[in-house]
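Okay, so here's the structure we're looking at.
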Amino acid sequence: MTTPGDLADKPVSYLRQRTRVITTHREDGKAVIHSSREGRWYEMRDVAVALNLVYTTSEFPSQMNDDNDIKAHKAVERNGLGLVNQGGTVCRISNFAPGNEAIMHRTRSLDYGVVLEGEIEMSLDSGETVLLKRGDVVVQRGTNTWKNTSATEWARTFFVLLDGHPLSIGGEQLGESLGYAAHELQPSNNVE
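The number in this note's numbering is simply the position in the sequence shown, starting from 1, with 51 added.
Put into structure tokens, the structure is as follows:
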């Protein structure tokens with residue numbers, strides 16, 4: 052489990068810091084800014100990977116009346132989050148150091164991923180790989196590992212994870228598998 056000291060208020064790479072802006076509504080129905088702040092980064096694997104939890108929902112469709120989704124997101128930040136928010140969604144940015152290879156893992160989620168910076172290789176447990184470049188999109192269905200193939204440049208991805216039903220193949224249910232990274236994905240205290 053991490054502590055607030057494990058968080059950095061600045062990105063751990065040279066990549067541009069990001070700002071999260073959340074909107075809401077006044078009583079007259081006009082949209083206004085609820086909050087705006089720079090991201091907080093959760094460092095993993097000796098700063099080879101940094102995760103930034105942008106936003107979560109704890110149900111889908113989300114309940115925005117009375118800012119219930121904002122309240123639920125703050126509770127998730129306080130209580131911690133693994134990779135997927137059961138019954139909800141997760142929006143996360145990840146920075147990968149040059150040459151870094153993520154751990155082979157499987158989530159119980161449907162993920163939309165976009166490469167924002169650099170190039171990153173997606174590897175599947177079948178041995179198949181594909182090199183994704185800036186602007187490429189992957190629809191990931193309960194699979195993956197990632198590798199920044201550059202020896203000198205950082206890579207950044209943007210993912211939205213949607214909780215899914217357990218996946219069954221040939222009558223066998225494939226569960227979530229975080230490999231030896233499970234201990235790194237305990238509640239992060241990534242409070243924004």
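Glycine included, C-beta positions come from ideal geometry on N, C-alpha and C.
Assumed close pair residue i, residue j - CB separation to whole angstroms, cut-off 8 Å
i, j, result
"Ser109", "Val127", "7 Å"
"Val135", "Arg159", "6 Å"
"Phe209", "Val141", "The pair is not a contact, with the Cβ atoms about 12 Å apart (cut-off 8 Å)."
"Asn103", "Arg69", "7 Å"
"Val105", "Arg143", "6 Å"
"Leu161", "Gly226", "Contact flag wrong, Cβ pair sits at about 16 Å."
"Phe147", "Trp197", "6 Å"
Range covered by the alpha helix (DSSP H) that runs through residue i
i, result
"Val98", "Val98 -> no alpha helix (DSSP H), and no H or E assigned at all."
"Val127", "Asn119 to Asn130"
Reference residue i, options the options, closest by Cα
i, options, result
"Val83", "Asn146, Gly221, Asp118 and Gly90", "Asp118"
"Ile220", "Thr203, Ala202 and Gly193", "Gly193"
"Arg77", "His85, Met155 and Thr70", "His85"
"Ile154", "Ile144, Ala123 and Asn195", "Asn195"
"Arg157", "Ala123, Pro217 and Tyr65", "Pro217"
"Gly150", "Ala206, Ala123, Leu104 and Arg143", "Ala206"
"Ser87", "Lys81, Tyr93, Thr74 and Gly80", "Thr74"
"Leu29", "Gly131, Tyr163 and Lys122", "Any property of residue 29 remains undetermined from this structure, which presents the chain solely from 52 to 243."
"Thr107", "Gln137, Glu89, Lys81 and Met95", "Gln137"
"Glu204", "Leu132, Met95 and Ala99", "Ala99"
"Thr200", "Gly226, Ser228, Met173 and Arg91", "Met173"
"Asp176", "Ala148, Val211, Ala202 and Ser228", "Ser228"
"Glu89", "Asp79, Ala101, Ile121 and Arg71", "Arg71"
"Asp97", "Ala202, Val211 and Glu152", "Glu152"
"Gly80", "Glu94, Tyr65 and Asn116", "Asn116"
In DSSP terms, what residue i is bridged to
i, result
"Lys198", "Glu152 and Glu172"
"Arg71", "Arg88"
"Lys81", "In the DSSP output, where bridge partners are listed per residue, Lys81 has none listed."
"Val146", "Correcting the residue identity first, residue 146 is Asn in this sequence and not Val. Answer by DSSP bridge pairing, in chain order: Ala101 and Arg207."
"Gly164", "Val189 and Phe210"
"Arg159", "Paired residue(s): none; Arg159 is not in a bridge."
"Glu110", "DSSP output for Glu110 lists no bridge partner at all."
"Val15", "Outside the displayed span of the chain (52 to 243) sits residue 15, for which this structure offers no information."
First and last residue of the uninterrupted beta strand (DSSP E) at residue i
i, result
"Asp214", "Ala206 to Asp214"
"Ser219", "Leu218 to Ile220"
"Arg192", "Val188 to Arg192"
"Val181", "Thr180 to Lys184"
"Glu227", "Taken as a continuous stretch (DSSP letters only), Glu227 belongs to no beta strand (DSSP E), as it is neither H nor E."
**Asked** Does the count of Cβ pairs from the segment 183-197 and the segment 166-173 closer than 8 Å reach three?
**Response** In the pairwise beta carbon analysis, the segment 183-197 is classified as touching the segment 166-173: at least three pairs are separated by under 8 Å.
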